[in-house]
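Structure record follows, encoded as structure tokens.
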Amino acid sequence: MSSLQDTVNPQDASSYDSAAGVHRREAVVYPAARGEPKLWSLGGTLAFGVLMITGFLILVLWNGIATFWPKPIAVVTLADGKIVAGEQTREELFKPTADQLAKLTPQLRAVIAKDDGYATRRLYRTGNFDFYGDDSKWVADYDVAKVDYPRDMVLAERREWGPFVGRLKAVVLDGVERPVTDPSEGWVRDALGQAQARLAQIRKLERDEIGGINHKLEQERLALRRVLLKSGADSAAYGEAQAKFAAREAELKKQYEALSAEAQALKGRNERDRIILTEVGGAEKSLPLSVIVRAYDANDIGLGAKLAVYGSRWAEFLTDEPREANTEGGVMPAIFGTFAMTVLLSLIVAPFGVLTALYLREYAKQGRIVAFVRISVNNLAGVPSIVYGVFGLGFFAYILGGSIDRLFFPEYLPNPTFGTGGLLWAALTLAIMTVPVVIVATEEALAAVPRSMREGSLACGASKWQTIRMIVLPRAMPGIMTGLILAMARGAGEVAPLMLVGVVKLAPELPIDGYFPFVHLERSFMHLGFHIFDVGFQSRNSEAGKPMVFVTTLLLIALIAIMNATAITIRNRLKKKFAGSQF
Amino acid sequence: MSAVSVMEKPATPAQEQPFGETVYHLQKGDQGIALDIKDFNLWYGDRQALHGVNLTVERGLVTALIGPSGCGKSTLLRSLNRMNDLVDGLSITGKVVLDQVDIYDPRTDVIALRKRMGMVFQKPNPFPMSIYENVIYPLRVDGVRDKRLLDETVERALKGSALWDEVKDRLDQSALGMSGGQQQRLCIARAIVGDPEVLLMDEPCSALDPIATAKVEELIDELGGHYTIVIVTHNMQQAARVSHNTAFMYLGRLIEYGKTETMFTTPKLGRTLDYVTGRFG
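In order, the protein sequences belong to chains B and U. Each residue of the first sequence is one higher than the one before, counting from 85 in the numbering used here. Each residue of the second sequence is one higher than the one before, counting from 4 in the numbering used here.
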């Protein structure tokens, strides 16, 4: 505080010189008038917020990035002679129960008692779900006799039953068994590569070619049904169509059988290449080589090989489809679904919100009705999102979609086409949910366009619409973009309403594919947000899904960040265009 | 409190006089009358801003509107191309006649009217686009697409507003990057690009520095030969320098309207003399 304060009695501070009729101000500054203490609390709240967000991001980032890193496999020999092998995933303090304590030696009990009754336990990801009926196991430290990291331990990721942890015994190539312990040996890798290539070929045959035939067959069946619905069962046209359908069906069946035989041959070939693995308990398992996604000797590989495994896991995660109830494999359909929905949502919400705001701000007579509309719009932003989900399901899917089905797709019934949840309805539902943000932001942006610019344009003989189109809208565009960015971010991160209007656990068909009309807005889709919920809370064991939750969260945050960054870049470019000396 | 009484004591007798008849001694142009304002009253809601203004703007001459703040000179100017239409609760009586047509007639097309008049505002208001696009904005509004015509028009308008040499190499750059004076001359170019019959200027130099002001004044002088100009200004010297006729307004009334030379040297009314000599205002 200044030295002035010390010399002036604060009671004189508001003295009033009645003779002169003038309020004389004193050079006293009360503490309350100073901003600095408040500044501390303002800065404090900011720091608190930043700390929480940073903490959250670090948690997600650390867990997400570490998930795919190959960890060493511990072989733990317990005091009772049992052996547990697996990657250590966690350790924690716990309080052994009285029963557990009763089985221990007095020395161990004393150690635990000294630690206030706490002991350490570790969670090992043991894999081998087909043997153990579980894929992770808690091991208390006091039970452990010995921990080893044998160099021949192998972790094999399988397409079914999760990972296998154990030793490699042999690889059988076309019926000839060759003993081997190191999965990174060249010929083993080659054999694995060939088996996977055959599997990919089988998939291509089954999905693309046989799928194509099925699609054609379905189209023929629908065409027949259209004729039936149009002309009736007794008509000549229907008889003709039936004959045509039978011929076509026979032809397609023949094609199908040829392809099916080809696939079967490849499958037979894949059955003959096998891999024989032994679990730490000694049990043996013979699997087709094609079931193995990747296998590595976890305790014997160098940094380069670890990086390769890490990279290939990320590549699989980003480009492949999920397997094992979504807890393994990739999330490509979910990435695609999230992206497609967000783009569609933005395409719907932008014109809808901007036009509404334009009318409200520029054309509507400002009065009670407009004020009421504005309040209603703002209230929409506060409605719980699940309510929008219910509305979307009831109005869009059932009423609107049901009518579309009856009018345009009667031949599909009773299977719904648009009459159920789908990409379009999900995007529309979220558009309604986020439109208040765009309306409010656009109104603010329009209001911020200087009156002088409108007047300048009108004085040039421009009509009101020309002024809006050529001057007001371009100038308000950065503000409108801000609203869109907020709406997009909110829409991309929303899950609850989507569960009702089109997001599913597993959607094998993407909304965009090679079959006419190429973009299938009626299809249900996968979504990263729902994927997190599904993997984390709906899968058969949450421990297996946990790493995926973090990686998927990381991905969702990254996806939203990328989309926002793109939008912000566009906005800043616009802003720059309109910036300058504006006095 | 004492400060107020100080202001009251030396109140000029001229100000206490009731408002008499407007005194006219204007210089007639040789091309007739461009605008004829007849018994014009204007209200913002309940507040009357203009009281029975009668004024003729001579074609081809520069007419200056002067008067203290709030006297209604800007309101009068903005009434001439109906920019006041944007204001809520506005009502008027009387006529403003342009070519025998009352611009406040319900049948008058406001957009067509504004195309016949250019307007320059107090603050430069270039649009957020390139210099080129700014100048041809009125033509864009009319849907002109002929590139050659547009190019020629830009050059003519920018030469007309003495800006061509400064900006001819950066026509595609944003107009917002220009200096204030350049921006105002750009706005003048934009106002004259459609060859308007009347050019309205609302304190065009109030936001400019003296050098930019000198340039704009020079420009007004040059344009004065071709266009009918109505200019509102606070700067008495400016009015004296650029205009042929000067109208002095006070409290919403037209007090005296006459030849500029006379207005600034030997006005007919004491109130005008007090204002132009700076005794109040």
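A virtual CB, placed ideally from N, CA and C, is assigned to each residue, including glycine.
Going by beta carbon distance, what residues of the same chain come within less than 7 Å of alanine 254(B), once the five residues before and after it are set aside?
Glu261, Arg262, Pro263, Val264 and Ile360
Backbone CA spacing between methionine 416(B) and threonine 403(B) [nearest angstrom]:
5 Å
When the Cα atoms are used, what is the spatial distance from histidine 107(B) to leucine 53(U)?
40 Å
Just the C-alpha distance for serine 77(U) and glutamine 51(U), rounded to the nearest angstrom, thanks.
14 Å
Less than 6 Å between C-beta atoms, sequence neighbours within five positions excluded: which residues of the same chain meet that for arginine 81(U)?
Asn87
Decide if the segment 602-615 of chain B is in contact with the segment 566-574 of chain B; the criterion is three or more beta carbon pairs, one per stretch, under 8 Å apart.
no
Which same chain residues end up closer than 8 Å to methionine 122(U) when comparing Cβ atoms and leaving out the 5 residues on each side of it in sequence?
Asn84, Met86, Ala194, Leu202, Leu203, Met204 and Asp205
Would you kindly work out how many angstroms separate the C-alpha atoms of glycine 390(B) and proline 154(B), rounded to a whole number?
What sits at residue 390(B) in the sequence shown is lysine, not glycine. Looking at the two C-alpha atoms, the distance is approximately 6 Å.
Suppose contacts are defined by Cβ-Cβ distances below 7 Å. Is tyrosine 135(U) in contact with valine 157(U) by that definition?
yes
Phenylalanine 401(B) to leucine 143(B), Cα distance in whole Å?
20 Å
Taking DSSP's pairing of strands, which residues face arginine 244(U) in a bridge?
Partner(s): none; arginine 244(U) has no beta bridge.
Just verifying my parser: in three-state terms, what is the DSSP assignment at threonine 66(U)?
strand
Measuring only the C-alpha atoms, how far is leucine 34(U) from valine 56(U)?
For the record, residue 34(U) in the displayed sequence is glutamine; it is not leucine. Taking the straight line from one Cα to the other gives about 23 Å.
Under a CB-based cut-off of 7 Å, is asparagine 137(U) close to chain B?
no
Can you list the residues of chain U that glycine 451(B) reaches, using a CB-CB cut of under 7 Å?
The contacting residues do not exist; glycine 451(B) stays about 11 Å from chain U at best.
Looking at C-alpha atoms only, which residue of Trp549(B), Pro247(B), Arg206(B) and Glu110(B) is the closest neighbour of arginine 407(B)?
Pro247(B)
For a contact defined as C-beta to C-beta under 9 Å, what are the partners of proline 558(B) on chain U?
Phe130, Pro131 and Met132
I need the straight-line Cα distance from glycine 563(B) to valine 100(U), nearest angstrom please.
42 Å
Pair within 7 Å by beta-carbon distance, valine 245(U) and aspartate 224(U):
yes
Within chain B, the residues that methionine 86(U) reaches when beta carbons sit closer than 8 Å
Glu539, Leu542 and Ala543
7 Å is my cut-off, CB to CB: does serine 87(B) come that close to chain U?
With a pLDDT of only 45 at serine 87(B), under 50, the local geometry of the prediction cannot be trusted, and no value is derived from it.
Proximity to glutamate 241(B) [Cα-Cα], best of Pro180(B), Ile376(B) and Pro498(B)
Ile376(B)
Can you tell me whether DSSP reads alanine 325(B) as helix, strand or coil?
helix
Could you tell me whether the Cβ of methionine 122(U) comes closer than 7 Å to any Cβ of chain B?
yes
Presumed contact (8 Å Cβ cut-off) between glycine 586(B) and phenylalanine 609(B), rounded CB distance:
6 Å
Please say whether asparagine 410(B) and methionine 237(B) have beta carbons closer to each other than 7 Å?
no
Going by the CB atoms, is the gap between threonine 422(B) and leucine 612(B) shorter than 7 Å?
yes
Span of the alpha helix (DSSP H) around aspartate 489(B):
486-492
Can you name the start and end residues of the beta strand (DSSP E) that alanine 229(B) belongs to?
228-232
Partners in chain U for isoleucine 555(B), counting only beta-carbon separations shorter than 9 Å:
Phe130, Pro131, Met132 and Tyr140
Could you tell me which residues DSSP puts in a beta bridge with tryptophan 167(U)?
Tryptophan 167(U) is not bridged to any residue.
Length of the line joining the Cα atoms of threonine 636(B) and glycine 386(B)
27 Å
Less than 7 Å between CB atoms is the rule here; does arginine 117(U) satisfy it with respect to chain B?
yes
Would you please verify whether the beta carbon of lysine 162(U) is less than 7 Å from any beta carbon of chain B?
no
Exposed or buried, which one is glutamine 299(U) when buried takes at least 16 other CB atoms within 10 Å?
Past the edges of chain U, shown from 4 to 284, lies residue 299(U), and the structure says nothing about it.
At a Cβ threshold of 7 Å, is glycine 184(U) touching chain B?
no
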